[in-house]
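Accompanying notes for the structure given below.
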DNA sequence: GGATTTGTTTCCACC
DNA sequence: AAACAAATCC
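Numbering (my numbering), first residue to last: 77 to 833.
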């Protein structure tokens, strides 16, 4: 029988198909499995696959799940509508675009586009760009949208307006209004609009509400703890008629409050649906006992959780490996050494390892070491593929062809590659477009005679818009691949790249090739189908045109990117992107105060708890071995920082830990302290480390006023040196020191632990 | 209009 | 430190 492979609770959760279900799934408890089998079970119970809507966290997860389900119950499962909130609702918005006064070829703006629009507004309003910082405004507007607050509601809200006045930013509501106006004029929606407008669609069109309520009789939502109000409200509306809604999640893994996720959606589910059945999946199948228990230690520090007892019978496994290093470089070295060692000793592959960190910038040092040791790796963060300049340029050409009203795209490529159309000409175009109340493209195409520009410039502009226009006419008749490669060709981006002698040109051309590959894969991919129940005819939900490609790719996250041929590589990613994944060996780097937990969260209990949940997510990614590390000094944002080790470490019971100290000077000191030997306190601070024997006698000078110019000093790492100059006083004293083998270094004396000769 | 230099910002996570 | 924006020069 289908569900035989499941445990009792999992089986119950799957079989309970009618009415509201809340499935609380502890880390590693087979959440995806339950979701997969539940959908398969629905189909086996003769539920029409078309009546199933499954909302997942990533597109990749949706793809994999669908594949599994097809394997379990056969081909008809391909009719299930499955994907992320953003991708599913963008498809529906595309179909119903006219109800909102949009064309179905609308563009989806990413946060860079949004910020650029915001910046232009601030400039046009003559406001201070420092005060009206584009990132701040973008966050504020996004927060409003994800709580379904329209510009008007914002304006009417005493509280929001008061907040803004207190922040001396009284014009935010006006900016928000103008921002929405400009987006609409550009025929664009931002990420939040996809959810906001879906709500508008269902609110204002009763026929559509009914249509989609009937279509989606069974709704399943994964990672429900990370839904925001806009998402919650769509689901609530869609499920209101048939009430067959299953939500799966873990309150302990809610890590997206910063972008508007509201943990009370999951905590209050039973209040919303008083007849909801609750299932708790508590058996962890992923990790060892030590990992599960240590993670439980940590998460138990948080208040306001749904009580659950995550356990495993996987055996104790090895202890959690915690290592302190002197520097970020040493930390990276330690991690790489362990990878090499485990791979050799335990016959595992590179793809079994993941290195997780709090912030993207931490990847750099680690990368350097991996490259040095020839360890293949893949970064799942940083500048994503679609964030690269050359790709964005080409995508802007595509966007403009698909949607000529997109002023952002227009401005990006009007003079790239250079066509001798400079700021002056563009400003004249902007004024013209404003007067004629049309897009820049349309102004250039239809009203160019009304502006004073040299004939040469006019010709340049006209050549450009006519080229775009010619492609634009074809956009619905030609498939994305065919049209795409011709646009790339005509844009002359490739020859333009080739002409400069930058060594990165090869990479860029490779990226463009990959984009072309993506176009091809898109055209060849299977259609998403809807079955017409009356005629039995299959109708494609969307076709393979360029506008669909552009919309789809703007919603891809880095983890969605398809595996390349050989993917036997160590994974590097932020903890956020690691959500939902698992690896045999997991490293969490940068376990330091002010980094993890981050500086900005330390003051607030709520945010600190979110950081802790993030750490919980990180720990529970590991199957066999979890390794944590911290560094005493770390290079960040152009300067050296010194932080104590993360408070989260002290929350782990010592019986689950093995500690070591990674010292560059003396490899033999890298010692392992077993749990019953003389344990070094986890809270050991820098002072205590100082008491370890020094290679050269004497203890470091602690009185910073004792240093004088010209003094001979000794540094642990740089060796012998002479003080050239001093600045500042007390704890802030800095010195320039000329070292024998390392040149001149600027040191903060409080941390440099200099010894006098 | 384009290239080069100089100054400034960002320092948390992302669909 | 690096990415980005503005200012300056040609």
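By construction, the Cβ of each residue, glycine as well, lies at the ideal position given by its N, Cα and C atoms.
Item to check | Distance between beta carbons of residue 78 and residue 116, contact taken as under 8 Å | outcome: 6 Å between Cβ atoms; contact.
Checklist entry - Hey, quick one: how far does the beta strand (DSSP E) through residue 402 stretch, first residue to last? => result Under the DSSP assignment, residue 402 falls in the beta strand (DSSP E) whose first and last residues are 396 to 403.
Next on the checklist: Please state whether the Cβ-Cβ distance between residue 184 and residue 631 is less than 9 Å.
Outcome noted: Yes; because the gap between Cβ atoms is below 9 Å, this pair is in contact.
Next on the checklist: Buried or exposed for residue 135, going by 16 or more other Cβ atoms inside 10 Å?
Outcome noted: By the neighbour-count criterion, in which 16 or more other beta carbons inside 10 Å mark a residue as buried, residue 135 falls on the buried side.
Next on the checklist: As an exercise, report each continuous alpha helix (DSSP H) stretch of at least 4 residues that is fully enclosed by the stretch 323 to 411, in chain order.
Outcome noted: Within the stretch 323 to 411, the complete alpha helix (DSSP H) runs of at least 4 residues are 340 to 343, 345 to 348 and 365 to 375.
Item to check | Contact belief for residue 214 with residue 191 at Cβ below 8 Å, rounded distance in angstroms | outcome: That pair is a contact at about 5 Å.
Next on the checklist: My output table needs one value for residue 758: the three-state DSSP class, helix, strand or coil.
Outcome noted: Low confidence applies here, because residue 758 scores a pLDDT of 28, under 50, leaving its location unreliable; read the following figure in that light. In the structure shown, residue 758 sits in coil (DSSP, three-state: anything other than H, G, I, E or B).
Item to check | Cβ neighbours of residue 635 in the same chain (closer than 7 Å, five flanking residues each side left out) | outcome: Closer than 7 Å at the Cβ level, and outside the excluded window around residue 635, lie 134, 136, 456 and 653.
Checklist entry - For residue 572, which residues of its own chain have a beta-carbon under 7 Å away from its beta-carbon, when the five flanking residues on both sides are left out? => result Sequence-distant partners of residue 572 (beyond 5 residues in either direction) whose C-beta falls short of 7 Å from its own C-beta, in its chain, are 493.
Checklist entry - For residue 424, which of helix, strand or coil comes out of DSSP? => result In this structure, residue 424 counts as coil in the three-state DSSP scheme.
Checklist entry - Counting pairs of Cβ atoms below 8 Å between the stretch 662 to 671 and the stretch 465 to 480, do you hit three or more? => result Segment contact: the stretch 662 to 671 against the stretch 465 to 480, fewer than three CB-CB distances shorter than 8 Å; contact not assigned.
Next on the checklist: In this structure, how does DSSP classify residue 265 when only helix, strand and coil are distinguished?
Outcome noted: It is a strand residue.
Item to check | residue 675 versus residue 349: straight-line alpha-carbon distance, rounded | outcome: The C-alpha of residue 349 is placed about 39 Å away from the C-alpha of residue 675.
Item to check | Whole-number beta carbon distance between residue 481 and residue 261, since they are thought to touch under 8 Å | outcome: Separation of the CB atoms of residue 261 and residue 481 is rounded to 7 Å, and the pair is thereby assigned contact status at 8 Å.
Item to check | Backbone secondary structure at residue 91 - three-state DSSP | outcome: Helix, per DSSP.
Item to check | Straight-line gap, residue 504 to residue 478 (C-alpha atoms, nearest Å) | outcome: Rounded to whole angstroms, residue 504 to residue 478 spans 25 Å at the Cα level.
Checklist entry - Buried or exposed: residue 241, going by 16 or more other Cβ atoms within 10 Å of its Cβ? => result By the 10 Å Cβ count, residue 241 comes out exposed.
Checklist entry - How close, in whole Å, do the beta carbons of residue 182 and residue 221 come, if the pair is a contact with beta carbons under 8 Å? => result Rounded, the Cβ-Cβ distance is 16 Å, inconsistent with contact.
Checklist entry - From what residue to what residue does the alpha helix (DSSP H) around residue 699 run? => result Here residue 699 belongs to no alpha helix (DSSP H); instead the beta strand (DSSP E) covers 698 to 712.
Checklist entry - Based on Cα-Cα distance, which residue from 602, 529, 101 and 196 lies nearest to residue 325? => result Ranking 602, 529, 101 and 196 by Cα distance to residue 325 puts 101 first.
Item to check | Rounded straight-line distance, which links the Cα of residue 693 to that of residue 328 | outcome: Between the alpha carbons of residue 328 and residue 693 lies a gap of roughly 8 Å.
Next on the checklist: Let me check one thing: in DSSP terms, what residues is residue 320 bridge-paired to?
Outcome noted: Residue 320 is bridged to 294.
Item to check | Other residues of its chain near residue 248: CB distance less than 7 Å, five sequence neighbours each side excluded | outcome: Closer than 7 Å at Cβ, skipping near neighbours: 213, 216 and 240.
Checklist entry - Quick one, which of 279, 541, 294 and 317 has its alpha-carbon nearest residue 563's? => result Nearest C-alpha to residue 563 among 279, 541, 294 and 317: 541.
Checklist entry - Once you ignore the five residues that flank residue 685 on each side, which residues in its own chain have a CB closer than 6 Å to its CB? => result Cβ within range, chain order: 378.
Next on the checklist: In the DSSP assignment, the alpha helix (DSSP H) including residue 598 goes from what residue to what residue?
Outcome noted: Per DSSP, residue 598 belongs to the alpha helix (DSSP H) from 581 to 600.
Item to check | Neighbourhood of residue 210 by C-beta, 6 Å cutoff - its chain only, sequence neighbours within 5 removed | outcome: The beta carbon of residue 210 is closer than 6 Å to those of 191, 194 and 195 in its chain, skipping five residues each way along the sequence.
Checklist entry - With 16 as the cutoff for other CB atoms within 10 Å, does residue 320 come out buried or exposed? => result It is buried - the Cβ of residue 320 has at least 16 other Cβ atoms within 10 Å.
Checklist entry - What does residue 798 pair with, by DSSP beta-bridge criteria? => result The beta-bridge partner set that DSSP reports for residue 798 consists of 788 and 814.
Next on the checklist: Is it buried or exposed, residue 94, if we count other Cβ atoms within 10 angstroms and call 16 or more buried?
Outcome noted: Per the 10 Å Cβ criterion, exposed.
Checklist entry - Thinking just about the alpha-carbon of each residue, which of 538, 413, 132 and 415 is nearest to the one in residue 517? => result When only C-alpha atoms are compared, the closest one is 538.
Checklist entry - Which residue from 445, 235 and 627 puts its Cα closest to that of residue 165? => result Per the Cα distances, 627.
Item to check | Environment of residue 257 [buried if 16+ CB atoms lie within 10 Å] | outcome: In the assembly as shown, residue 257 is an exposed residue. Its beta-carbon has fewer than 16 other beta-carbons within 10 Å.
Next on the checklist: Quick check on this structure: which residue in 84, 330 and 275 has the alpha carbon closest to the alpha carbon of residue 688?
Outcome noted: Of the candidates 84, 330 and 275, the one whose C-alpha sits nearest the C-alpha of residue 688 is 330.
Checklist entry - What is the residue span of the beta strand (DSSP E) that residue 159 lies within? => result Taken as a continuous stretch (DSSP letters only), the beta strand (DSSP E) holding residue 159 covers 157 to 160.
Next on the checklist: Quick check on this structure: which residue in 169, 90, 200 and 168 has the alpha carbon closest to the alpha carbon of residue 507?
Outcome noted: Taking each of 169, 90, 200 and 168 in turn and checking the Cα distance to residue 507, the smallest one comes out for 200.
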